[in-house]
Amino acid sequence: MIDKNAVRVEAEDLYRSGKLLCSEAIVHTFNEALGGPLPQEAVKMSSGFPVGMGVLGTGGCTCGALSGGVMVLGLVYGRANPGDEAPEVLDKARELHDWFLAEKGSTCCRSLIRQLEFGSDEHIDQCVRFTGDVAERLAQMLNGDLAFA
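With positions in the sequence shown counted from 1, the corresponding number in my numbering is that position plus 155.
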């Protein structure tokens with residue numbers, strides 16, 4: 156079982172400290188929680204997703220925390236080889252997306268941070284919280300899967 160509070164705190168702390176941004180914090184935290192199946196280069200793969208895919212100051216559209224969460228779902232439920240079956244990953248990704256949309260009102264980083272000054276305490280606090288929310292929800296999803304737990 157993944158401790159949902161521990162992954163929340165870890166992901167939030169990594170973001171708040173500036174050591175990692177949203178998607179990176181999610182991927183790093185869950186790689187560790189899952190026993191480190193990925194090399195650290197996997198965190199590098201997630202480095203283009205923060206701020207709605209790297210549009211500093213204006214925000215692109217897909218929330219980086221959500222993108223990192225979908226990457227984690229791919230790690231657990233995705234296909235490893237061409238031709239492998241992986242229908243569950245799409246259902247899980249949709250579940251995470253729909254939950255985020257219902258909770259936050261949008262999945263678009265630009266919309267989520269529009270009213271905030273980029274880099275302000277309010278902006279950082281909101282994104283730290285969203286990163287923690289995604290980490291907690293991922294833990295709940297993974298723990299709820301009897302085949303995984």
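Even glycine gets a Cβ: it sits at the ideal position worked out from N, Cα and C. Please read all numbers here as calculations on a predicted model, not as lab measurements.
Start-to-end residues for the alpha helix (DSSP H) that takes in residue i
{"i": "residue 259", "result": "242-259"}
{"i": "residue 160", "result": "159-171"}
{"i": "residue 184", "result": "177-188"}
{"i": "residue 266", "result": "264-268"}
{"i": "residue 285", "result": "276-299"}
{"i": "residue 205", "result": "205-209"}
Helix, strand or coil at residue i according to DSSP, with G and I counted as helix
{"i": "residue 217", "result": "strand"}
{"i": "residue 238", "result": "coil"}
{"i": "residue 272", "result": "coil"}
{"i": "residue 199", "result": "helix"}
{"i": "residue 230", "result": "helix"}
{"i": "residue 224", "result": "helix"}
{"i": "residue 304", "result": "For residue 304, the pLDDT reaches just 46, beneath the cut-off of 50, and the residue's location in the model is therefore unreliable, although a value from the coordinates is still provided. Of the three classes helix, strand and coil, the one that applies to residue 304 here is coil, per DSSP."}
{"i": "residue 156", "result": "coil"}
Beta-carbon separation (whole angstroms), residue i vs residue j, contact threshold 8 Å
{"i": "residue 259", "j": "residue 271", "result": "Between residue 271 and residue 259 the Cβ distance is about 13 Å, and since that is not below 8 Å, they are no contact."}
{"i": "residue 286", "j": "residue 217", "result": "That belief does not hold up - the Cβ atoms of residue 286 and residue 217 are roughly 14 Å apart, past 8 Å."}
{"i": "residue 234", "j": "residue 241", "result": "4 Å"}
{"i": "residue 207", "j": "residue 264", "result": "3 Å"}
{"i": "residue 204", "j": "residue 172", "result": "Between residue 172 and residue 204 the Cβ distance is about 19 Å, and since that is not below 8 Å, they are no contact."}
### Query
If we count Cβ pairs, one from each stretch, closer than 8 Å, do we get three or more for the region 287-298 versus the region 156-166?
Between the region 287-298 and the region 156-166, the count of Cβ pairs shorter than 8 Å is three or higher; the stretches touch.
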